[in-house]
Amino acid sequence: MPLLTVKTEGGIAVVTLDNPPVNALSHGVRQGLWDMVERLDADPEVRAVVLTCAGRTFIAGADVREFGKPPEPPHLPDLVARIEAAEKPWVAAIHGSALGGGFEIALGCRFRVALEGASVGLPEVNLGIIPGASGTVRTPRLAGVEAAVQLVASGKPVTAAKGLEMGLLDAVLSGDLTAEATVFACTALKTPLPAAVSARPVAPMSDAFWAEARKVAAKPGHQAPLRALDCLRAASERPFEEAMAQERATFLELRGSEEAAALRHVFFAERAAPRPAALAGVEPRPVAKAGVIGGGTMGAGIAAACRAAGLPVVLIERDGEAVARGLANIDRVFAGAVKRGKLTEAGRAEKMAGVTGTTDYAQLADCDLVIEAVFEEIGVKRAVFAQLAAHCRPDAVLATNTSYLDPRAIAEELPHPERFIGLHFFSPAHIMKLLEIVPTSDTAPEVLATAFALAKRLGKMPVRAGICEGFIGNRILRRYRAEAEALVASGVAIAEIDAAMRGFGLKMGPFEAQDLGGLDIAFLQREGARAAGQEVPETLGDILVRASRKGQKTGGGWYDYVEGDRKPRVSPQVAELLAGRIAAAREMAREEIAEQLVGAMAAEGQAILDEGIADGPAEIDLVEIHGYGFPRWKGGPMHHAARAAALRAA
Ligand code: 3HC
Ligand code: NAI
Numbered sequence: 137m138p139l140l141t142v143k144t145e146g147g148i149a150v151v152t153l154d155n156p157p158v159n160a161l162s163h164g165v166r167q168g169l170w171d172m173v174e175r176l177d178a179d180p181e182v183r184a185v186v187l188t189c190a191g192r193t194f195i196a197g198a199d200v201r202e203f204g205k206p207p208e209p210p211h212l213p214d215l216v217a218r219i220e221a222a223e224k225p226w227v228a229a230i231h232g233s234a235l236g237g238g239f240e241i242a243l244g245c246r247f248r249v250a251l252e253g254a255s256v257g258l259p260e261v262n263l264g265i266i267p268g269a270s271g272t273v274r275t276p277r278l279a280g281v282e283a284a285v286q287l288v289a290s291g292k293p294v295t296a297a298k299g300l301e302m303g304l305l306d307a308v309l310s311g312d313l314t315a316e317a318t319v320f321a322c323t324a325l326k327t328p329l330p331a332a333v334s335a336r337p338v339a340p341m342s343d344a345f346w347a348e349a350r351k352v353a354a355k356p357g358h359q360a361p362l363r364a365l366d367c368l369r370a371a372s373e374r375p376f377e378e379a380m381a382q383e384r385a386t387f388l389e390l391r392g393s394e395e396a397a398a399l400r401h402v403f404f405a406e407r408a409a410p411r412p413a414a415l416a417g418v419e420p421r422p423v424a425k426a427g428v429i430g431g432g433t434m435g436a437g438i439a440a441a442c443r444a445a446g447l448p449v450v451l452i453e454r455d456g457e458a459v460a461r462g463l464a465n466i467d468r469v470f471a472g473a474v475k476r477g478k479l480t481e482a483g484r485a486e487k488m489a490g491v492t493g494t495t496d497y498a499q500l501a502d503c504d505l506v507i508e509a510v511f512e513e514i515g516v517k518r519a520v521f522a523q524l525a526a527h528c529r530p531d532a533v534l535a536t537n538t539s540y541l542d543p544r545a546i547a548e549e550l551p552h553p554e555r556f557i558g559l560h561f562f563s564p565a566h567i568m569k570l571l572e573i574v575p576t577s578d579t580a581p582e583v584l585a586t587a588f589a590l591a592k593r594l595g596k597m598p599v600r601a602g603i604c605e606g607f608i609g610n611r612i613l614r615r616y617r618a619e620a621e622a623l624v625a626s627g628v629a630i631a632e633i634d635a636a637m638r639g640f641g642l643k644m645g646p647f648e649a650q651d652l653g654g655l656d657i658a659f660l661q662r663e664g665a666r667a668a669g670q671e672v673p674e675t676l677g678d679i680l681v682r683a684s685r686k687g688q689k690t691g692g693g694w695y696d697y698v699e700g701d702r703k704p705r706v707s708p709q710v711a712e713l714l715a716g717r718i719a720a721a722r723e724m725a726r727e728e729i730a731e732q733l734v735g736a737m738a739a740e741g742q743a744i745l746d747e748g749i750a751d752g753p754a755e756i757d758l759v760e761i762h763g764y765g766f767p768r769w770k771g772g773p774m775h776h777a778a779r780a781a782a783l784r785a786a
């Protein structure tokens, strides 16, 4: 199949680009489009050109796979300029998404029309770069600086309807896009053409505007959004050519940055993870109805996630009162969505109408999948699975959401153990993207495939985890916290460690995060292990819990809190309680603190890999990014440590 085909009728040439899967602007596509402009300009029959794409989408951007290689002409900015300078006006006819370089090609066209439901955007900052083919220069000239800042600095695409409102598009069409775009082109030819985008004026903005934009865009250690703002400001204050030169130089510099390498790594990891090679050709079992056992923190979130994906849900609780509480917990999730404008009241009612709350296990008889999320106690869980064995179909997938128990012990007496699997959601389960999928040696491949298919349906990022205490994420979390405590013991200030991790890009440091979640959960677990005869050394956190410092909920943990304020304050009592365990105060550079803690995470990750608990380092990175707030632009602990080692060696 040629990359580009053209068909001319009534003076309108329809050019169709076909470069699966997403019509990325590979070298061949750039050259093909360049040649097409020349050819159609020379064709006396052609009066205007409609550019469409075959397949699922318009051009999704530059070809990310070419980013590691030296750029080859024709360069994208030149191609955009060539399209803009064409004698025959081009009309970009967008379906799916016009992203990055795809939207920049559209900026070079004289008109941009999109099918209802399409989206346009400049997501380059998500790849650690900035638009490199006039996105920062032409967008403000097309739609004003505010619209350009919104699009470029956030990296978030907008819908066609919003794009029309913002001035990014000339029309939103419905029906047959090519036919409608052809009609649009014929009509457009009847009136004088608008100026090329590059020739349009742009109004500069105030210092206060730029200061606010920087405040909104800033993320520690993530330079692309701020560099994009620099280019947008230059574009609004300097001549076109100068702004283009600044954009190009910034683009090329960032393309080779550590941040861009990290974000590319995450980009490809996220696309590979949902389709593990081991499951190629394995059909998942169909899931049309789900059961959830336990309507507490996790069960309610899981039920809400299932409902949001359209699955009817049966919720089982211990007694009538607990059923009512569980239903109220689920409803609270949807009420929150209504409050944020994400759901209507009617939608909320519809979601809740799809939940059956009951104490009667017989109601699970037609469920294809049941997820258990009851108390983290082996006896309680085993009793639940005995009920499931008695009432569920033998081919229904039965899953546990346990955090730390051995799934094999939970399913020990379960008939048809091939249908059993661990599905470890993260709190809040309707929001957090990570889903650790924990098969046992008995789990059937199609049951594993069903878990991956469910993740896709719920919009989750699935990662297979082997069986060990804490699976992948919580095991690394434990090591990370232990390392942070070791730093405290060595004399580094608690607040310095938290500040270092925030500076690295996490939302919270290890100690403030524990204060938010509560220190008692991990404490109780350690106490449980001690009671079972395991040797678990007394941690600094244990000392605090024994002094009733369980975190924010008790007015203090690693820090003190005043009522109604979540701001952590350094605690003299903590200093006193830990005095005997802490060496003399010492200074440590924040960067060094962060490197040591991330290094510890990576070391645990390596142990996890060596034991076959994770399939690869990229999967571990995804766990940390989607379950624990590790900054995407650092690529995850495994990527970060590998890069740091490579840089040290170089
Ligand atoms: N380059 C190369 N391959 C790409 C790509 C790109 N820009 N975008 C997607 N792909 C590949 C994916 O890796 C995947 O390949 P695989 O099947 O071999 O794993 C395949 O296309 C399908 O991707 P998705 O699974 O993401 O497909 P969806 O249908 O779910 O989503 C999409 C489609 C919305 C277009 C999504 O792929 C996407 O957001 N892509 C990235 C868009 C982007 O970031 N563009 C900017 C690039 S940078 C740029 O343009 C610089 C310029 O300013 C100079
Ligand atoms: P929770 O205490 O909030 O909820 C547990 C619910 O189970 C309660 O509503 C209780 O009434 C119900 N329940 C108890 N016994 C039952 C029975 N026999 N039959 C039916 N319902 C019963 O607990 P949470 O936090 O939701 O945890 C549930 C499970 O999820 C645990 O295994 C936990 O380890 C795991 N988990 C918890 C996470 C968290 O952050 N809270 C994260 C990931 C997993």
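Each residue of the sequence shown is one higher than the one before, starting from 137 at the first, in the numbering used here. All residues carry an ideal CB built from backbone N, CA and C; glycine is no exception. This one's a predicted model, so the numbers in the text were calculated from it and none came from an experiment.
Query	Result
Residue 430 CB to nearest heavy atom of ligand 2 below 7 Å	yes
Cα-Cα separation between residue 321 and residue 439, rounded to whole angstroms	49 Å
Endpoints, the alpha helix (DSSP H) within which residue 561 is located	Looking at the DSSP string, residue 561 is not in any alpha helix (DSSP H); the run it does join, the beta strand (DSSP E), is 556–561.
Rounded C-alpha distance that separates residue 492 from residue 501	13 Å
Exposed unless 16 or more other CB atoms sit within 10 angstroms - verdict on residue 660	exposed
Residues near residue 193 by beta carbon distance below 6 Å, same chain, minus five either side	158, 232, 233
Among 282, 207, 249, 753, the one whose alpha carbon lies nearest that of residue 309	249
Contact set for residue 734: own chain, Cβ-Cβ below 6 Å, skip 5 residues either direction	773, 776
Beta-carbon proximity of residue 258 to residue 305, cut-off 8 Å	no
Euclidean distance between Cα positions of residue 697 and residue 688	7 Å
beta-carbon residue 510 near ligand 2 non-hydrogen atom, thresh 7 Å	yes
Neighbourhood of residue 441 by C-beta, 7 Å cutoff - its chain only, sequence neighbours within 5 removed	565, 566, 594
Any non-hydrogen atom of ligand 2 closer than 7 Å to residue 538 Cβ	yes
Helix, strand or coil at residue 508 [DSSP, three-state]	strand
Spatial distance of residue 558 from residue 504 (CA atoms)	16 Å
Run of the alpha helix (DSSP H) containing residue 216, from where it starts to where it stops	212–220
Under 8 Å between C-beta atoms of residue 625 and residue 717	yes
Proximity test, residue 546 beta-carbon vs ligand 1 heavy atom, cut-off 7 Å	no
Chain-order list of residues whose beta-carbon lies under 8 Å from that of residue 526 (same chain, five-residue window excluded)	497
Counted within 10 angstroms of its Cβ, other Cβ atoms place residue 255 as buried (16 or more) or exposed	buried
Residue 393 CB to nearest heavy atom of ligand 1 below 7 Å	no
Chain-order list of residues whose beta-carbon lies under 7 Å from that of residue 654 (same chain, five-residue window excluded)	686, 687, 689
Nearest-angstrom Cα separation, counted from residue 356 out to residue 683	35 Å
Cβ neighbour criterion (16 or more within 10 Å) applied to residue 387	buried
N-terminal and C-terminal residue of the alpha helix (DSSP H) that residue 521 is part of	514–527
Integer-rounded CB distance, given that residue 637 should sit under 8 Å from residue 730	6 Å
Proximity to residue 206 [Cα-Cα], best of 532, 260, 407, 162	162
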